[in-house]
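Comments concern the structure below.
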Ligand code: AR6
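Residue numbers (our numbering): 238 to 427.
As structure tokens, this is what we get:
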């Protein structure tokens with residue numbers, strides 16, 4: 238059962254599932270710096286989306302951690318893939334800043350392209366080893382803070398692959414909403 242909340246004019250949905258099955262204007266890929274494909278979300282997106290996506294990635298070259306680049310979506314039911322590179326935990330310095338920045342870059346690209354819907358996986362929590370609870374806090378805080386400002390996004394979905402990841406995100410979202418005094422780190426002061 239999806240977990241849904243309204244944030245101003247937008248809906249934030251948490252759902253357990255496979256991101257390649259999502260219908261959204263943009264699907265976010267958990268990519269690597271070299272944009273060469275890999276396992277996990279990256280493998281699933283390239284397998285289901287077809288070779289066009291990797292061909293476009295090759296023309297883009299690389300993407301630094303904490304950022305994201307755009308390609309079309311091949312055979313997937315989306316207009317765009319946003320290839321976001323999260324930090325490799327224990328390898329990159331300031332992993333929390335890089336993870337927040339990876340989500341924020343995708344949200345900023347969504348505004349730039351005037352997208353109405355976007356689907357995120359839980360960046361960095363697979364092969365890149367980011368602890369799930371901490372990653373969930375950063376992802377949800379960044380999305381919630383973004384949705385408190387004017388946005389083209391009507392629907393933001395976080396697609397969690399397994400039951401545990403889904404439950405952690407539901408619990409973390411409820412915790413953040415019950416503590417409105419806890420300002421997200423990227424919200425304006427005052
Ligand atoms: N749909 C939704 N979530 C998924 C799916 C899927 N199909 N498959 C895995 N997950 P990961 P990372 C979850 O490893 O940690 C790749 O090789 C998974 O359970 O995909 O950012 C890239 O090429 C986990 O919670 O991404 C990079 O080299 C989360 O998605 C590197 O791994 C992210 O797991 C990126 O590592």
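Even for Gly, the Cβ is constructed at its ideal location relative to N, Cα and C.
Is there at least one non-hydrogen atom of the ligand AR6 closer than 7 Å to the beta-carbon of residue 376?
-> Not one heavy atom of the ligand AR6 lies closer than 7 Å to the C-beta of residue 376.
Euclidean distance between Cα positions of residue 334 and residue 365 = CA-to-CA, the gap between residue 334 and residue 365 works out to about 15 Å.
Taking three-plus beta-carbon pairs below 8 Å as touching, is the segment 338-348 in contact with the segment 239-255?
-> Under the Cβ criterion (8 Å, minimum of three pairs), the segment 338-348 does not count as touching the segment 239-255.
Give every residue of the same chain whose Cβ lies closer than 8 Å to the Cβ of residue 469, excluding the five residues on either side of it in the sequence, and list them in chain order.
-> Nothing can be reported for residue 469: it is not among the residues displayed for the chain, which extend from 238 to 427.
Rounded C-beta distance between residue 316 and residue 279? I'm assuming under 8 Å.
-> Rounded, the Cβ-Cβ distance is 19 Å, inconsistent with contact.
By a C-beta neighbour count over all protein chains shown, 10 Å radius and 16 as the cutoff for buried, is residue 241 buried or exposed?
-> Residue environment analysis places residue 241 among the exposed positions, since fewer than 16 neighbouring C-beta atoms fall within 10 angstroms of its C-beta.
Just curious, the beta strand (DSSP E) that residue 251 is in, first and last residue?
-> Per DSSP, residue 251 belongs to the beta strand (DSSP E) from 247-253.
Ordered along the chain, which non-local residues of its own chain (more than five positions away) have a Cβ less than 7 Å from that of residue 268?
-> Excluding its 5 nearest sequence neighbours in each direction, residue 268 has C-beta neighbours in its own chain below 7 Å: 279, 300, 320, 321 and 322, listed in chain order.
Opposite residue 392 in the DSSP bridges: which residues?
-> Answer by DSSP bridge pairing, in chain order: 248 and 354.
Whole angstroms is fine: what's the gap from residue 409's alpha carbon to residue 304's?
-> When only Cα atoms are considered, residue 409 and residue 304 end up about 24 Å apart.
Taking Cβ positions, are residue 367 and residue 324 nearer each other than 8 Å?
-> Yes; because the gap between Cβ atoms is below 8 Å, this pair is in contact.
Using a Cβ-Cβ cut-off of 8 Å (strictly less than) and excluding sequence neighbours within five positions of residue 427, which residues of its own chain qualify?
-> For residue 427, the pLDDT reaches just 36, beneath the cut-off of 50, and the residue's location in the model is therefore unreliable, although a value from the coordinates is still provided. Within the same chain, and ignoring the five residues on either side of residue 427 in sequence, no residue has its Cβ closer than 8 Å to its Cβ.
What is the DSSP secondary structure of residue 383, counted as helix, strand or coil?
-> Helix, per DSSP.
C-beta atoms of residue 361 and residue 336 nearer than 8 Å | Cβ distance < 8 Å, so residue 361 and residue 336 count as in contact.
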